[in-house]
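Visitor: Counting in the numbering used here, the sequence shown runs from 758 upward without gaps. Each residue gets a CB set at the ideal place from its N, CA and C atoms; glycine is no exception.
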Amino acid sequence: MDQRSRSASVTGQEIKRKLFVLDTNVILHDSQCLRSFQEHDVVIPITVLEELDGFKKGHGDINYQARAFLRVLDELTGDVLNGQGASLGQGYGRIRVVWKQGRHERIKQAFFQDSPDHRIVGTALELSDHEDRPVVLVSKDTNIRMKAKAFGLVAQDYIRDKVESVDKLYTGKRRVEIEEAALDQFYDNGHAVPAETVPVDPPPVPNENLILRSGAKSVLASYDESKKEYHRVDKTRCYGITPRNAEQSFALHALVNTEIRLVTLAGKAGTGKTLLALAAALHRRSEYRQILLARPVVPLSNRDLGFLPGDVHAKLDPYMQPLYDNLAVIRHQFDEKSQEAQRINQMLELEKLVITPLAYIRGRTLQRTFFIVDEAQNLTPHEVKTIITRAGEGTKIIFTGDVNQIDHPYLDALSNGLSYLISRMTGQSIYSHITLEKGERSELADLATALL
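(1) Using DSSP with H/G/I as helix, E/B as strand and the rest coil, what is I1187?
(2) Does DSSP classify P802 as helix, strand or coil?
(3) By how many angstroms is the C-alpha of G1184 removed from the C-alpha of L969?
(4) Quick one: give me the first and last residue of the beta strand (DSSP E) that G929 is part of.
(5) Please name the residue in M903, D918, S1199 whose C-alpha comes closest to that of S793.
(6) Check for me: the alpha helix (DSSP H) holding P963 runs from which residue to which?
(7) From what residue to what residue does the beta strand (DSSP E) around T1113 run?
(8) Taking the alpha helix (DSSP H) that I1179 belongs to, which residues open and close that run?
(9) Does the segment 1019 to 1030 touch the segment 1159 to 1167, meaning 3 or more C-beta pairs lie closer than 8 angstroms?
(10) Do the segment 1109 to 1119 and the segment 1077 to 1091 make contact, defined as three or more Cβ pairs closer than 8 angstroms?
(11) Please state whether DSSP places L1057 in a helix, a strand or coil.
(12) Run through the segment 913 to 952 for me and flag every whole beta strand (DSSP E) of 3 or more residues, listed as ranges in chain order.
(13) How big is the Cα-Cα spacing for D1263 and D1131?
(14) Looking at the strands, I want to know which residues DSSP matches up with L969.
(15) Taking 8 angstroms as the cut-off, decide whether the C-beta atoms of V895 and L779 are in contact.
(16) Starting from the N-terminal side, write out each stretch of the beta strand (DSSP E) that is 3 residues or longer and does not extend beyond the segment 810 to 885.
(17) Measure the alpha-carbon distance for L882 versus L833 and round it to whole angstroms.
(18) Assuming A1003 contacts H988 under a Cβ cut-off of 8 angstroms, what Cβ separation, rounded to an integer in Å, is found between them?
(19) When DSSP labels each residue in this structure, what does K1030 get in the three-state scheme?
(20) Suppose contacts are defined by Cβ-Cβ distances below 8 angstroms. Is A938 in contact with V955 by that definition?
(21) Kindly confirm or deny that the segment 1036 to 1045 and the segment 958 to 977 touch, where touching means at least three C-beta pairs closer than 8 angstroms.
(22) Please say whether Q789 and Y849 have beta carbons closer to each other than 8 angstroms?
(23) Got a sec? Which residues, its chain only, sit under 7 angstroms from R824 by beta carbon, not counting five neighbours each side?
(24) Report yes if the CB atom of R1018 is closer than 8 angstroms to the CB atom of K1153, and no otherwise.
(25) Which runs of the alpha helix (DSSP H) at least 4 residues long sit entirely within the segment 1120 to 1160? Give them in chain order.
(26) Here's the rule I'm using: 16 or more other beta-carbon atoms within 10 Å means buried, otherwise exposed. How should Y1167 be labelled?
(27) Would Y1081 and A1036 be called neighbours here (beta carbons separated by less than 8 angstroms)?
(28) What does a CB cutoff of less than 8 angstroms around D1092 pick up in its chain, not counting 5 residues either side in sequence?
(29) In the DSSP assignment, what are the bridge partners of L910?
(30) Please list the terminal residues of the continuous alpha helix (DSSP H) segment that includes E1200.
(31) Out of G846, R851, E1140, Q847, point me to the one whose CA is closest to N839's CA.
(32) CB-CB under 6 angstroms to V1141, same chain, minus the five flanking residues each way: which ones, in chain order?
(33) What's the gap between the Cα of G1149 and the Cα of Q870?
(34) Quick one: Cα of V1086 to Cα of F1127, how far?
(35) At least one CB of chain D closer than 8 angstroms to the CB of R1041: is that the case?
(36) Going by DSSP in three states, R792 sits in which element: helix, strand or coil?
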């Protein structure tokens, strides 16, 4: 759904040409946002350009977005940008930069302190006083939207890459009642059963997982679109880790399947997402040049990493520790002197198994790599796309995360990269997803999740 559709659904009336005022965070979220507003006009407050100037330098995603947007804006505006603005192209509105700082009289009365946020809201107020059409402030920042609404302005989130509903997200699994004769085929005919002999309504999508039941009997199965058949899913022990429930069995089945190149695992803390991915990687280690574990660094309370003591490794260790914890769980499944435990130590020493911040993979091409991206709910849709486009021949990418546990200030359950990826990839033949619901960390952890 684009911004025009949102506006139309809100008003329920014939679409009237509007004026959208963009906050800086919208541009840092999506540098290609200008053509998301269809025939409506777009305004960039001069304060936004000021803020973008501070983001131009750097290697993070927001730095890339700032540079990309400024290049797009420069190309659109040509040599001179007059008061009427520049066309965004056929079928689209116009773009203009408003140079007034937005120190509206009502802003001065409400806020004693000047700030970029207040100037942006003030610019929208100034435009609403002089324009004979609706003015809409678009921001990813909830607080700025609330301030704008307090002044009587219409304020909206940028929703172009939001999914419709978390409840409607593909879970990768479902329960289906079938005839006993159909179910018996999975035990009489081996692991593969032709899809035509097991009626499922609606038909499954590629790599969908099914819990097939007939009375007290049941079987776990996964649908193979290329062969038009169901494969029985058994408990597969991977490097000392045995699945404890049906969801974990489905997850390991997809993780060790070399035909599936992209896997997403969603679920609350303690469901085993990262542990299963790492166990599968070690199980399939001979087929990959390297196992790479990464996670985005979201500073505590949005404070920069610089406030932490020590060198770069000391600063990053607290953020990478959960990955080391999962590795320790697997190592402790074996005797300290066993071949399996020693192999993990050797892989770390030889950098066959690498744990790294996600920012360090920008610009790389990953060949024959088992790449696990943890805490993917803290990535933007653009960052997820950037990561996947790093994949070279023979690479498998796993995204894990909890779409309801967001640490990023401008993302939520509907707009984060993991939700977006699940919604867009469902039905692709090389993609599989499973939502893990049952916690397996401990009875105490489950109790805390349920009651606190």
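Guide: With the given structure in hand:
(1) coil
(2) strand
(3) 20 angstroms
(4) Segment: none, G929 is in no beta strand (DSSP E) and carries neither H nor E.
(5) D918
(6) Element bounds for P963: n/a, residue is neither H nor E.
(7) 1110 to 1114
(8) 1174 to 1182
(9) yes
(10) yes
(11) For L1057, the predicted structure reports a pLDDT of 39, less than 50, and the residue's modelled location is therefore unreliable. A value from the coordinates is still provided. It is helical.
(12) 930 to 934, 949 to 951
(13) Any answer about residue 1263 is impossible in this case: the structure gives the chain only from 758 up to 1209.
(14) V933, V976
(15) yes
(16) 851 to 855
(17) 26 angstroms
(18) Incorrect: roughly 15 angstroms between the Cβ atoms, too far for contact.
(19) helix
(20) no
(21) no
(22) no
(23) K813
(24) yes
(25) 1138 to 1145
(26) buried
(27) no
(28) A1098
(29) In DSSP, L910 forms no bridge with anything.
(30) 1200 to 1208
(31) R851
(32) G1174, L1178
(33) 51 angstroms
(34) 19 angstroms
(35) The structure shown contains no chain D, having only a single protein chain.
(36) helix
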